[in-house]
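Residue numbers (full-length UniProt numbering), protein chains in the order written: chain F, 1 to 294; chain E, 1 to 294. From the three backbone atoms N, C-alpha and C, an ideal C-beta is built for every residue, glycine too. First up is the structure itself, then whatever we jot down about it.
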């Protein structure tokens, strides 16, 4: 369903965490014309200054003020900080205020929300905009970051249909295609297609750096290596939190991956030409069907 | 040193294997104006027809004819087929004829050359143009494929300085930056920065495909996953041969990588936040210094 948001419909929106996602959201909301004003909350003065200067936010406030004044609060902080944000917000959360988030993991954020918000958890509609990438910080923000990208919404059984529609319309207004799946599905899928590749890319960089002739190796990297490791430039803090937040699903994917890599190692050690070709053919056929970019 | 090749200096050049690399080389040689004619040898009629049609080669011949008629023979076949090519060529190899290649591994190709060519191995100057990528076949060929890219030359102790210069000038004429390193160094470096990433990308595709909900996972892949797995679209046959041809160095890199991945798994299992952040910071700092593209 596509909801058409009305002018200023979402009133005062607080963005908590004005990094790449938060600042881009501020720009996009203003461009869409569906908000009256955007409050910014953050730890980094540099990001807050940048967000103010680019017009992504109108005013800097603390989290308590944001909780009191806002119609919609969007938590764009690293997932490990969500619980602390819920704790600060909860006493000031008015019944009319809606909460959503941009966390890359959903099970852990929802658990924290249920534990901290209690009955008020019905006001929280969890979301995950699939945007961002290797760059981070408000300076990389752009109004079209969510345009044409998926935003996953993982509705809670406590949410009313009306509130889910409201948050769906909110993300659609910034250009996202909204898809609703369960938090468990979300976490399993993104462990496989996002979290695991990041871990593999980080590990490759460390593997090359740790080798005796690491410096020389880095001088010989080509386009393939750069494509492969691009995601290893991502925020270490964010990915630390994702690893811990989605630990169970990630360990499962990692174990499955390591078993396959071990099998591949055996094929090479055994000089098993037909086994190698069979495995590579399966992989390359699947990759070819994916296309090149989004 | 930059050698300036003279017009038609390299006379008749035979390209053995007219896939992406071979057909691009034909186009580039002609554009550089340093050859009189280009002979094409290949197994695939489609590639030969395509190469003729695009003007990458002037005539299709068999390998024996190529050996007899050429001033320079360039082997652009998968590395596992190099030995068979040397065996066919050897009896017809004139003293004036130079051999070079485009193989992604060097130790195994050099071993085959020494065993098959005997004293004539002095006529073989091994090379590895760092070009290509996920696409393959003559249809993907372009004259500027080597432009501004590195070509590694691994001179043999049997090569004369003059012959090394000649082959260096040949690759420079198609736009490559030539770098000379030993075959052992070459194979260790490319095991780390090229061969290993390919294996990791192939394995990720297989891991996702093998999982119960693989289809659904593939529907959620984003730009990061696509960047990461782009190289998994590469030719299965070529990569099978590279795995076997550079087996020792690849197994060493793979073991080192698997140890690091195992360490990362432990950090996650132990909820070791500071250990994770330290590792990711090291990786992302190194990745940031590499830049985005070539």
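Just to confirm, are residue 71(F) and residue 10(F) a CB contact at a threshold of 8 Å?
Sequence index remark: in the first chain, residue 71(F) carries index 71 (1-based). Sequence index remark: in the first chain, residue 10(F) carries index 10 (1-based). Contact flag set, yes.
Do you know offhand how far residue 275(F)'s Cα is from residue 267(F)'s?
Walking along the first chain from the start, residue 275(F) turns up at place 275. Walking along the first chain from the start, residue 267(F) turns up at place 267. C-alpha separation (whole angstroms): 6 Å.
Considering just the uninterrupted stretch of the alpha helix (DSSP H) at residue 145(F), what are its terminal residues?
Here residue 145(F) refers to the residue found at position 145 of the first chain. From DSSP, residue 145(F) is part of no alpha helix (DSSP H); its letter is neither H nor E.
What ranges does the alpha helix (DSSP H) occupy inside the segment 22-57 of chain E, keeping only unbroken runs of at least 4 residues that lie completely in it?
Complete alpha helix (DSSP H) runs here, min 4: 45-53.
Give the DSSP bridge partners of residue 98(E), in chain order.
The sequence position of residue 98(E) within the second chain is 98, counting from 1. For residue 98(E), which the question treats as bridged, DSSP gives the partners 72(E).
Taking CB distances under 8 Å as the criterion, tell me whether residue 288(E) reaches chain F.
As a first step, residue 288(E) is located in the second chain; it is residue number 288 there, counting from the start. Judged by the 8 Å Cβ criterion, residue 288(E) is in contact with chain F.
Who are the neighbours of residue 237(E) on chain F, taking C-beta pairs under 7 Å?
Taking the second chain and counting its residues from 1, the one referred to as residue 237(E) is at position 237. Those within 7 Å of residue 237(E) in chain F are 277.
Over what stretch of residues does the alpha helix (DSSP H) that includes residue 121(F) continue unbroken?
Position 121 of the first chain, counting from 1, holds the residue named residue 121(F). Note, residue 121(F): premise wrong, no alpha helix (DSSP H); not H, not E.
Which partner residues of residue 129(F) appear in the DSSP bridge assignment?
For the purposes of this step, residue 129(F) is identified with residue 129 of the first chain, where counting begins at 1. BP columns for residue 129(F) point to 151(F).
DSSP beta-bridge partners for residue 15(F)?
Counting from one through the first chain, the residue named residue 15(F) turns up at place 15. In DSSP, residue 15(F) forms a bridge with 40(F) and 74(F).
Could you pull out every residue in the same chain whose Cβ sits closer than 6 Å to the Cβ of residue 294(E), ignoring the five residues on either side in sequence?
On the second chain, residue 294(E) is found 294 positions in, with the first residue counted as 1. Bear in mind that the predicted position of residue 294(E) carries a pLDDT of just 41, short of 50, making it unreliable; the figure below should be weighed with that in mind. So no residue of the chain qualifies.
Residues in the same chain with beta-carbon distance under 8 Å from residue 5(E), minus the five sequence neighbours each way, listed in chain order, please.
Looking up residue 5(E) in the second chain gives position 5. Here the set comprises 32, 34, 169, 170, 172 and 173.
Compute the Euclidean distance between the alpha carbons of residue 233(F) and residue 69(F), then round it to the nearest angstrom.
What you label residue 233(F) is simply residue 233 of the first chain in a count that begins at 1. What you label residue 69(F) is simply residue 69 of the first chain in a count that begins at 1. Rounded to whole angstroms, residue 233(F) to residue 69(F) spans 36 Å at the Cα level.
Can you list the residues of chain F that residue 233(E) reaches, using a CB-CB cut of under 7 Å?
Against the second chain, residue 233(E) aligns to sequence position 233. 284, 287 and 288, listed in chain order.
Which residue from 251(F), 96(F), 27(F) and 47(F) puts its Cα closest to that of residue 147(F)?
Taking the first chain and counting its residues from 1, the one referred to as residue 147(F) is at position 147. Closest option to residue 147(F), Cα to Cα, is 27(F).
Less than 8 Å separating the beta-carbons of residue 123(F) and residue 88(F)?
Position 123 of the first chain holds residue 123(F). Position 88 of the first chain holds residue 88(F). Contact flag unset, no.
Among 262(F), 235(F), 272(F) and 271(F), which has the Cα closest to the Cα of residue 140(F)?
Along the first chain, read from residue 1 onward, the residue named residue 140(F) stands at position 140. Among 262(F), 235(F), 272(F) and 271(F), the Cα nearest to that of residue 140(F) is on 235(F).
Just confirm the distance between the C-beta atoms of residue 13(F) and residue 48(F), as a whole number of angstroms; I'd bet it's less than 8 Å.
Taking the first residue of the first chain as position 1, residue 13(F) is located at position 13. Taking the first residue of the first chain as position 1, residue 48(F) is located at position 48. Their Cβ separation, rounded to whole angstroms, is 16 Å, which puts residue 13(F) and residue 48(F) out of contact at 8 Å.
Would you kindly work out how many angstroms separate the C-alpha atoms of residue 187(E) and residue 86(E), rounded to a whole number?
Counting from one through the second chain, the residue named residue 187(E) turns up at place 187. Counting from one through the second chain, the residue named residue 86(E) turns up at place 86. Distance between the alpha carbons of residue 187(E) and residue 86(E) is about 21 Å.
Check whether the Cβ atoms of residue 286(E) and residue 205(F) lie closer than 8 Å to each other.
Start at 1 with the first residue of the second chain, and residue 286(E) comes out as number 286. Start at 1 with the first residue of the first chain, and residue 205(F) comes out as number 205. Yes.
Among residues of its own chain, excluding the 5 on either side of residue 7(E), which ones have a beta-carbon nearer than 8 Å to its beta-carbon?
What you label residue 7(E) is simply residue 7 of the second chain in a count that begins at 1. 33 and 34, listed in sequence order.
Check whether the Cβ of residue 294(E) lies closer than 8 Å to any Cβ atom in chain F.
Here residue 294(E) refers to the residue found at position 294 when the second chain is read from its first residue. With a pLDDT of 41 at residue 294(E), under the threshold of 50, the predicted position of this residue should be treated as unreliable, though the coordinate-derived value follows. With 8 Å as the cut-off, residue 294(E) counts as an interface residue toward chain F.
Of all the CB atoms in chain E, is at least one closer than 8 Å to the CB of residue 177(F)?
Within the first chain, the letter at position 177 stands for residue 177(F). No, its Cβ sits nowhere closer than 8 Å to a Cβ of chain E.
So who's on the other strand from residue 59(E), going by DSSP bridges?
What you label residue 59(E) is simply residue 59 of the second chain in a count that begins at 1. In DSSP, residue 59(E) forms a bridge with 39(E).
Strictly below 9 Å CB to CB, what residues from chain F border residue 111(E)?
Here residue 111(E) corresponds to residue number 111 of the second chain, with the count starting at 1. Simply none; closest approach about 15 Å.
Is it right to say residue 227(F) is buried, meaning 16 or more other beta carbons lie within 10 angstroms of its own, or is it exposed?
Taking the first chain and counting its residues from 1, one reaches residue 227(F) at position 227. So residue 227(F) counts as buried.
Consider the Cβ of residue 250(F): report whether some Cβ of chain E lies at a distance smaller than 8 Å.
Looking up residue 250(F) in the first chain gives position 250. Cβ-Cβ to chain E under 8 Å: yes for residue 250(F).
Quick check: residue 176(F) and residue 154(F), are their CB atoms within less than 8 Å of each other?
Walking along the first chain from the start, residue 176(F) turns up at place 176. Walking along the first chain from the start, residue 154(F) turns up at place 154. Contact: no.
Name the chain E residues whose beta carbon is nearer than 8 Å to that of residue 256(F)?
Numbered from 1 along the first chain, position 256 holds the residue referred to as residue 256(F). What residue 256(F) touches in chain E: 207, 210 and 211.
Skipping 5 residues on each side, what residues in its chain have a beta carbon closer than 7 Å to that of residue 281(F)?
Here residue 281(F) refers to the residue found at position 281 when the first chain is read from its first residue. Nothing listed; no residue qualifies.
Taking just the CA atoms, how far does residue 248(E) sit from residue 80(E)?
Translated into the one-based positions of the second chain, residue 80(E) becomes position 80. Translated into the one-based positions of the second chain, residue 248(E) becomes position 248. If I take the Cα positions, the gap works out to 15 Å.
Should residue 218(E) and residue 199(F) be called a contact, given that it needs their Cβ atoms to be closer than 8 Å?
Looking up residue 218(E) in the second chain gives position 218. Looking up residue 199(F) in the first chain gives position 199. Their beta carbons are not under 8 Å apart, which means residue 218(E) does not touch residue 199(F) by this criterion.
What is the DSSP secondary structure of residue 8(E), reduced to helix, strand or coil?
Translated into the one-based positions of the second chain, residue 8(E) becomes position 8. Correct three-state label for residue 8(E): coil.
Could you give the DSSP three-state label for residue 195(E): helix, strand or coil?
Your numbering for residue 195(E) matches position 195 in the second chain. In this structure, residue 195(E) counts as helix in the three-state DSSP scheme.
At a CB-CB cut-off below 9 Å, which residues of chain E make contact with residue 268(F)?
If you number the first chain from 1, residue 268(F) lands on position 268. Correct list: 199, 243, 244, 247, 250, 251 and 254.
Quick check: residue 128(E) and residue 106(E), are their CB atoms within less than 8 Å of each other?
Walking along the second chain from the start, residue 128(E) turns up at place 128. Walking along the second chain from the start, residue 106(E) turns up at place 106. Yes. Within cutoff.
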